[in-house]
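In my numbering, the protein residues as written are 564 to 841. Okay, structure first, notes after.
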């Protein structure tokens with residue numbers, strides 16, 4: 564499946580602006596410029612979400628990549644899911660976390676502000692379009708230009724859903740793993756060999772990143788603690804805690820009524836980034 568730039572253009576709202584303020588515009592000519600994209604609910608965003616990016620950067624150094632951009636792409640309100648706060652609230656929580664906890668992370672609202680469901684394959688096309696078509700790729704220090712490699716950053720439990728027949732649209736799966744690739748963070752309880760068994764044809768584009776220090780913080784657990792009136796300090800950023808309290812989010816079971824058939828959640832609380840059957 565080719566990149567569907569026309570779909571991207573047709574689904575870009577008037578006034579939308581792609582965030583560039585932390586994008587590195589130059590790279591080492593001996594390395595491949597890499598753009599990390601994490602799709603998810605981020606309801607709310609946690610330190611586990613944030614921790615994925617430095618882990619991915621460490622891995623990229625050993626694979627001759629150079630990370631030039633890191634993005635969070637929250638799902639839209641059209642992705643109806645249990646525990647999903649309104650998109651405007653999730654965008655703001657992601658922005659607070661990115662602004663105050665990172666020097667490189669950015670929040671892209673293209674998917675979140677869409678009035679319709681956007682499959683993950685098309686979200687990655689959007690990033691490819693903005694960086695490689697609109698900007699013309701990344702300039703190398705020797706004056707040449709290279710196309711940036713776009714990869715999906717997620718938990719290994721996402722790959723587990725990809726290896727399960729019938730969960731993902733086959734064309735989207737081939738597009739994501741064939742054209743882009745995945746940086747997958749190891750999750751406790753997920754068997755790597757078994758997970759990769761049905762994905763052999765794309766194994767060169769699947770990068771498994773092992774966790775030296777296990778982190779099982781999840782949005783689901785955060786919401787549970789909040790509903791019980793318990794502290795979540797040191798589990799999510801302080802500014803996010805203040806935003807949740809100030810906007811009375813995740814206070815009771817009434818906040819947990821939504822359910823999705825389009826995208827699921829894994830045991831880690833990380834959003835599965837898009838079986839495209841909705």
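Backbone N, C-alpha and C fix where the C-beta goes; we use that ideal spot for every residue, glycine too.
- Residue environment for residue 803: buried (at least 16 other C-beta atoms within 10 angstroms of its C-beta).
- In the DSSP assignment, residue 791 is bridged to no other residue.
- By the C-beta density criterion, residue 760 is exposed, having fewer than 16 other C-beta atoms within 10 angstroms.
- Assignment of residue 724 by DSSP, reduced to helix, strand and coil, places it in the helix class.
- In the structure shown, residue 805 falls within a helical segment according to DSSP collapsed to helix, strand and coil.
- Residue 797 is classed as exposed because its beta carbon has fewer than 16 other beta carbons within 10 Å across all chains shown.
- Bounds of any beta strand (DSSP E) do not take in residue 683; it lies within the alpha helix (DSSP H) bounded by 683-691.
- The continuous beta strand (DSSP E) containing residue 712 extends over residues 712-718.
- Look at residue 701 here: in three-state DSSP terms it is strand.
- Within the segment 628-679, the complete alpha helix (DSSP H) segments of 4 residues or longer fall at 650-664, listed in chain order.
- Comparing alpha carbon positions, the residue from 613, 588, 607 closest to residue 783 is 607.
- Contact between the segment 752-771 and the segment 571-585 is not established, with fewer than three Cβ pairs separated by less than 8 angstroms.
- Spanning the alpha carbons of residue 641 and residue 685 requires a straight line of approximately 15 angstroms.
- Within a 10 Å sphere around the beta-carbon of residue 683 sit 16 or more other beta-carbons, which makes this residue buried.
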